[in-house]
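Chemist: Using our numbering, the first residue of the sequence shown is number 4, and each one after it goes up by one.
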Amino acid sequence: MARSKNITQFCAYCNKETKMARVGAMEVTENGEKDAVGNKVWYKCSRCHHNILFDETELNSLKDSAEIKSLSKEECIEYSPENSYSVGQAIYHENLDDVGWVKDKKIMSDGRSAIIVAFQKLGERKLIDNFRPEDTVLPDE
Ligand SMILES: [Zn+2]
Numbered sequence: 004m005a006r007s008k009n010i011t012q013f014c015a016y017c018n019k020e021t022k023m024a025r026v027g028a029m030e031v032t033e034n035g036e037k038d039a040v041g042n043k044v045w046y047k048c049s050r051c052h053h054n055i056l057f058d059e060t061e062l063n064s065l066k067d068s069a070e071i072k073s074l075s076k077e078e079c080i081e082y083s084p085e086n087s088y089s090v091g092q093a094i095y096h097e098n099l100d101d102v103g104w105v106k107d108k109k110i111m112s113d114g115r116s117a118i119i120v121a122f123q124k125l126g127e128r129k130l131i132d133n134f135r136p137e138d139t140v141l142p143d144e
């Protein structure tokens, strides 16, 4: 496994989210039982160059969203491109059959707005927000 692994994590030294490079694993063997304690891995902050220890088991479970808790469809607003969403809203995407939280809103290069949704099963997806049909040139109609 030669691929380098970079993550974006909150750096306590920089007091912000920074890019971090995987430095190496440190196996924690409390009580001699590997599987119970997870995988502690050192990451180096690309900004301040501090080494920070993360639990990769935790990172993987948190990867999609720091705030994902169990979410049911009933708690979600059904996603539709025409609607506008705000950060923190829970949405249900019918085609993807997944629920998630709106993590971020962005203006795309073409000026349209998009939302970044952290889906529970699928991970992060970018979706169209506040879609206006008149923004698009349609062949007929
Ligand atoms: Zn840092």
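Note that the Cβ used here is the ideal one computed from N, Cα and C, for glycine as well. Every value quoted in this text rests on a predicted model; they were computed, and no experiment measured them.
What residues does ligand 1 have around it, judged by CB closer than 7 Å to any heavy atom, in chain order?
Modeler: Residues flagged by the Cβ proximity filter: Cys14, Tyr16, Cys17, Thr21, Cys48, Arg50, Cys51, His53.
Chemist: So the candidates are Asp113, Ser73, Lys76, Ala28; which of them puts its Cα closest to the Cα of Phe134?
Modeler: Minimum Cα distance to Phe134 is reached at Asp113.
Chemist: State whether the segment 117-127 contacts the segment 98-109, with contact taken as three or more CB pairs (one from each stretch) at a distance under 8 Å.
Modeler: They touch, by the three-pair rule.
Chemist: Since Lys76 and Val102 are thought to touch, with beta carbons under 8 Å apart, how far apart are those beta carbons, to the nearest angstrom?
Modeler: At roughly 6 Å, the Cβ-Cβ gap stays under 8 Å, so Lys76 and Val102 are in contact.
Chemist: Could you tell me the alpha carbon to alpha carbon distance between Asn42 and Ile55, rounded to whole angstroms?
Modeler: The alpha-carbon atoms of Asn42 and Ile55 are separated by roughly 13 Å.
Chemist: Taking the DSSP output, what are the residues bridged to Ser116?
Modeler: DSSP lists Ile110, Asp132 as partners of Ser116.
Chemist: Can you tell me where the beta strand (DSSP E) holding Leu56 begins and where it ends?
Modeler: Here the beta strand (DSSP E) through Leu56 covers 54-58.
Chemist: Could you pull out every residue in the same chain whose Cβ sits closer than 7 Å to the Cβ of Ser73, ignoring the five residues on either side in sequence?
Modeler: Cβ neighbours of Ser73 beyond the five flanking positions: none.
Chemist: Return the CA-CA distance between Phe3 and Gln12, expressed in angstroms with no decimal places.
Modeler: The chain is shown from 4 up to 144; residue 3 falls before or after that span and cannot be answered.
Chemist: Hey, quick one: how far does the beta strand (DSSP E) through Cys14 stretch, first residue to last?
Modeler: Where Cys14 is concerned, the enclosing beta strand (DSSP E) stretches over 9-14.
Chemist: Give me whichever residues DSSP pairs with Asn18 in a beta bridge.
Modeler: Answer is none; Asn18 lacks a bridge partner.
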